[in-house]
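Note that the protein sequences, when read in sequence, are chains A and B.
For the first sequence, position 63 matches number 62 in numbering that gives the first Met the number 0, and the numbering has no gaps at all.
For the second sequence, position 52 matches number 51 in numbering that gives the first Met the number 0, and the numbering has no gaps at all.
We put the beta carbon where it would ideally sit given N, CA and C, even for glycine.
On a predicted model such as this, the values are computed, not experimentally measured, just so you know.
Below is one structure, written out as structure tokens; the observations come after it.
There are 2 protein chains.
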Amino acid sequence: MTMTRPVFPTPDHDHGRCAADAIAHAEQVCRNRAQKLTPIRRAVLEALLSSHRPLGAYEVIDQLAAERARPAPITVYRALEFLMANGLVHRIESRNAYLACAHHHDAASMVAFLICERCGSVGEIVAGPATQSLNDAARRTGFAPKLSVVEITGTCAHCQA
Amino acid sequence: MTMTRPVFPTPDHDHGRCAADAIAHAEQVCRNRAQKLTPIRRAVLEALLSSHRPLGAYEVIDQLAAERARPAPITVYRALEFLMANGLVHRIESRNAYLACAHHHDAASMVAFLICERCGSVGEIVAGPATQSLNDAARRTGFAPKLSVVEITGTCAHCQA
DNA sequence: GCTTTTATGCTGCAATGCAACAAAAATATT
DNA sequence: AATATTTTTGTTGCATTGCAGCATAAAAGC
Ligand SMILES: [Zn+2]
Ligand SMILES: [Zn+2]
Ligand SMILES: [Zn+2]
Ligand SMILES: [Zn+2]
Chain A
0 MTMTRPVFPT
10 PDHDHGRCAA
20 DAIAHAEQVC
30 RNRAQKLTPI
40 RRAVLEALLS
50 SHRPLGAYEV
60 IDQLAAERAR
70 PAPITVYRAL
80 EFLMANGLVH
90 RIESRNAYLA
100 CAHHHDAASM
110 VAFLICERCG
120 SVGEIVAGPA
130 TQSLNDAARR
140 TGFAPKLSVV
150 EITGTCAHCQ
160 A
Chain B
0 MTMTRPVFPT
10 PDHDHGRCAA
20 DAIAHAEQVC
30 RNRAQKLTPI
40 RRAVLEALLS
50 SHRPLGAYEV
60 IDQLAAERAR
70 PAPITVYRAL
80 EFLMANGLVH
90 RIESRNAYLA
100 CAHHHDAASM
110 VAFLICERCG
120 SVGEIVAGPA
130 TQSLNDAARR
140 TGFAPKLSVV
150 EITGTCAHCQ
160 A
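Okay, structure coming up:
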């Protein structure tokens, strides 16, 4: 399921719906793949879904600490690893931070992230022709691309106004 | 000066020449911009130029320690910051590592990195149409791109053979 | 029930990166 | 030249990110 629509979250969207959808999708994915969305994993995902801003691992810990016993770092890292392996969370390399995926694309598809430096929100462009042509350019040099990190920092449409 | 030629370093190229060129270029750049290529800064650049593999900051420290008094981490980080500000070194975000630029492009130009997971070498595609179309795709969503991180992991032409 | 697998907890630590202040060196000014 | 100013380097210490190794608990398979 590769969606091509580029999405930057608008400030006025129904984020409750947005987050609920993502949780439902996560449950679906785990069912399908015979994986377990345990309480901790779900809590980490929910923490990340509280906004469209990427959170550092220790920010996630702080958020969880508000509602339950403060988890050890390794606990959160393990949950993040699980969520990433199942395509539910992305790592933003240029920020050492983690972002809940608001789309329903499979784990392997190529994604470009748009990071707004004013509001901190992150949008995704999934499997667009631009990301494709990038891979093609690499291939033309004889390089066999496998995994891409594409992170574009700038200002989102809303923050320019 | 934006070169379009995509380059992945071949295993048989004259790397001595390659590194000497880069040093000469660095001296030129610093002269032009009235910046000082001090001994430490030069030594850090030379360490990075010892290969086309990105080095972690602490790997740089280890290399320098072989020839002079072991520098403190902050010393190396400051030199790296200087070299990056002047477009002589790139940071590879997905590796927390630093790469000497083997091209002569200005600091602001858009670059895509090709990272071979077998030999560790990194090539650069400078200001190609693919990177351009990526920015365009972002702009089409109303996003104003400013700085891009494009890092493609895979296997280089030589390592496939 | 018992075994095997999977997930969590706990302790400790490695790797990356930088802040704050002091000393030294280079540049500019009188 | 002597002094003031700016730039660079040294030193100490610490914050942040991330994970290894082993023990315990829970779940799944037999
Ligand atoms: Zn939302
Ligand atoms: Zn996504
Ligand atoms: Zn070379
Ligand atoms: Zn470069």
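Contact annotation for B:Asp135 against chain A: Ala129 [CB-CB distance below 8 Å, chain order]. Here A:Val125 is not near A:Leu113, since their CB atoms are 8 Å or more apart.
At a threshold of 7 Å, B:Pro53 does not count as near ligand 3, since its beta carbon sits no closer than that to any of the ligand's heavy atoms.
In terms of beta-carbon proximity, B:Glu150 lines the interface with chain A, with at least one pair separated by less than 8 Å. Scanning its chain for C-beta atoms nearer than 7 Å, with the 5 sequence neighbours on each side dropped, one finds around A:Glu150 the residues Ile91, Glu92, Ser93, Phe112 and Ile114, in chain order. Ligand 1 has a heavy atom closer than 7 Å to the beta-carbon of A:Cys17. Counting the other Cβ atoms within 10 Å of the Cβ of B:Tyr97 gives 16 or more, which makes it buried.
Chain order gives the chain B residues near A:Glu92 as Glu92, Ser93, Val148 and Glu150, where near means a beta carbon separation below 8 Å.
Taking 7 Å as the cut-off, one finds at least one heavy atom of ligand 4 near enough to the beta carbon of B:Cys100. For B:Cys155, the closest Cβ of chain A is nearer than 8 Å. Of the heavy atoms belonging to ligand 1, at least one sits nearer than 7 Å to the Cβ of A:Pro8. When only Cα atoms are considered, B:Asp61 and A:Val88 end up about 35 Å apart. Per DSSP, the continuous beta strand (DSSP E) segment holding A:Glu150 begins and ends at Ala143 to Thr154.
Look at A:Leu54: its C-beta is not under 8 Å from any C-beta on chain B. Separation of the CB atoms of A:Thr9 and A:His103 is rounded to 19 Å, and the pair is thereby denied contact status at 8 Å. Comparing alpha-carbon positions, the option among B:Ala19, B:Thr37, B:Pro53 and B:Cys100 lying closest to B:Ala78 turns out to be B:Thr37. Taking CB atoms only, B:Leu79 has no neighbour in chain A less than 8 Å away. Look at B:His89 here: in three-state DSSP terms it is strand. Boundaries of the alpha helix (DSSP H) harbouring B:Cys29: His14 to Arg32, taken from the DSSP string. Within chain A, the residues whose beta carbon sits less than 9 Å from that of B:Gly141 are Phe7, Cys155, Ala156, His157 and Gln159, listed in sequence order. By the CB criterion at 8 Å, B:Val59 and B:Leu48 fall outside the cutoff. When the Cα atoms are used, B:Phe142 and A:Ala129 turn out to be separated by approximately 15 Å.
Collapsing the DSSP output to three states places B:Leu36 in coil.
Check the Cα spacing between B:Thr140 and each of A:Pro144, A:Gln131, A:Gly127 and A:Ser132: the tightest is with A:Gly127.
Following the DSSP letters along the chain, one finds A:Ala96 in no alpha helix (DSSP H) but inside the beta strand (DSSP E) bounded by residues Ala96 to Ala99.
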